[in-house]
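Protein chains: 2
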Amino acid sequence: MSCEPELEREDLCEAHEVDFRSVEEAKASLPDMGYVAELFKAMGESTRLSILYLLWKGRWCVHDLATILDSSVSNVSHHLRLLRAMRLVKATKEGRKVVYSLDDDHVEALMSEAFKHAGHS
Amino acid sequence: MSCEPELEREDLCEAHEVDFRSVEEAKASLPDMGYVAELFKAMGESTRLSILYLLWKGRWCVHDLATILDSSVSNVSHHLRLLRAMRLVKATKEGRKVVYSLDDDHVEALMSEAFKHAGHS
DNA sequence: TGTATGTATGATCATATATTCAAATATCGT
DNA sequence: ACGATATTTGAATATATGATCATACATACA
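Residue numbers (the numbering used here), protein chains in the order written: chain D, 22 to 142; chain C, 22 to 142.
See the structure below:
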């Protein structure tokens, strides 16, 4: 059914302590990395990570985010678009402002975990 | 002491419900994102994330990692170098092989958290 | 000591990404 | 309706990054 070529024994390190079966099993057990990789990638850029951090602690409009981050409104808006597309943040229109907030408990848990150890360099 | 220019009131959204003080405080409270962003960036690439996942579950030499990931030894080795430089994985020479394993509990905790929700798209 | 195996490295290339700029859109107050 | 405020968008650009290739290095074994 699968179009994958069969794994051959020659593809393995000879005399490796783990056998053919282990490599096959490891390959089969590998979950899809797509979503998780995208998530980490979104969080792996300092401007976006800062935005997520700020929204973790409160709600902010675009202009103030840009001020706090010493960045341009345009740049912040571009990053917010990405975060919105990934449903990590949500936008609420309030008058002529758009106020952003976190939209994913998942992200809070990851940040909590990540910043817990921060400064262990 | 700081070379930062003083924040001016004009830099703020007028009539924002949060006041000048909040923006100043938010700016001051913002932790350094450097390390955490680097960490997420390292994990935000599917080949590297897969490597970390595999090493989370066991120990593997470079050749077998490449086989499991359908990638080249060279490519995997380059990624391992990055992960080594960040002290996320460690290398152990065993004969002519180099066996890699995780070198950071932190990463395990993050992966555990991340994959817990995977497939909630 | 030579050869095969296993890994690391540097250069190159194609692509992806962050940022800036200019301009468009939308909302409020006068 | 007009001007000011607030945000979004697309294009252009510079930089970063992942993959590949060729090659160097290092170890085991004959």
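Each residue gets a CB set at the ideal place from its N, CA and C atoms; glycine is no exception. Predicted model, so just to flag it, every value in this text is computed and none were measured.
Can we count residue i as close to the ligand ADP, meaning its CB is less than 7 Å from some heavy atom?
i	result
T88(D)	Absence of the ligand ADP is noted for the structure shown, with no ligands found whatsoever.
On the DSSP letters alone, give me the boundaries of the beta strand (DSSP E) that residue i sits inside.
i	result
S122(C)	118–123
A112(C)	110–115
Grab me the residues of residue i's own chain with a C-beta within less than 7 Å of its C-beta, minus the 5 sequence neighbours each way, in chain order.
i	result
H37(D)	The pLDDT assigned to H37(D) is 49, lower than 50, so where the model puts this residue is not dependable; a value taken from the coordinates is nonetheless given after this. Cβ neighbours of H37(D) beyond the five flanking positions: none.
V128(C)	L73, L109
P26(D)	Because P26(D) sits at a pLDDT of 42, beneath the cut-off of 50, its placement in the model cannot be relied upon, and the point is left open.
H100(C)	T68, R69, I72
D125(D)	R108, L109
Measuring alpha carbon to alpha carbon, tell me which of the options ends up nearest residue i.
i	options	result
S133(C)	G65(C), W77(C), S43(C)	W77(C)
V119(D)	K137(D), E46(D), A135(D), V94(D)	V94(D)
V83(D)	A130(C), V57(C), V44(C)	V44(C)
A135(D)	S50(C), R102(C), A49(C), G55(C)	G55(C)
P52(C)	L90(D), G116(D), D125(D)	L90(D)
E59(D)	M107(D), G116(D), A49(D), L123(D)	M107(D)
Hey, quick one: how far does the alpha helix (DSSP H) through residue i stretch, first residue to last?
i	result
E2(D)	Outside the displayed range of chain D (22 to 142) lies residue 2(D), so it cannot be described from this structure.
A135(C)	126–137
S95(C)	94–106
D85(D)	83–89
R69(D)	67–78
Which residues in the same chain have their Cβ closer than 6 Å to the Cβ of residue i, if we skip the five residues on either side of it in sequence?
i	result
A139(C)	none
S23(D)	Any reading at S23(D) is ruled out, since the residue's pLDDT is 37, under 50, leaving its predicted position unreliable.
K114(C)	none
Please look up how many angstroms separate the CB atoms of residue i and residue j, rounded, as I've assumed it's under 8 Å.
i	j	result
R69(D)	Y121(D)	Actually they are not in contact, since the Cβ atoms of R69(D) and Y121(D) sit about 12 Å apart, beyond 8 Å.
K62(C)	G65(D)	3 Å
L75(D)	A130(C)	No, L75(D) and A130(C) are not in contact; Cβ-Cβ is about 23 Å, not under 8 Å.
So, for residue i: in the same chain, excluding its five sequence neighbours on each side, which residues have a beta-carbon less than 8 Å away from its beta-carbon?
i	result
A87(D)	S93, V94, N96, V97
S142(D)	With a pLDDT of only 37 at S142(D), under the threshold of 50, the placement of this residue in the model should not be trusted; the figure read from the coordinates follows. Around S142(D): no qualifying Cβ.
A112(D)	L101, R105, V119, V120, Y121
Would you list, in chain order, the members of the segment 71–86 of chain C that have their beta-carbon closer than 8 Å to a beta-carbon of chain D?
S71, Y74, L75, K78, G79, W81, C82, H84, D85
Looking at chain D, which residues of the segment 91–105 of chain C have a Cβ within less than 9 Å of any of its Cβ atoms?
D91
Relative to chain C, which residues along the segment 44–61 of chain D have a C-beta separation below 8 Å, given in chain order?
V44, A47, K48, S50, L51, P52, D53, M54, G55, Y56, V57, A58, E59, L60, F61
Would you list, in chain order, the members of the segment 108–135 of chain C that have their beta-carbon closer than 7 Å to a beta-carbon of chain D?
K118, H127, A130, L131, E134, A135
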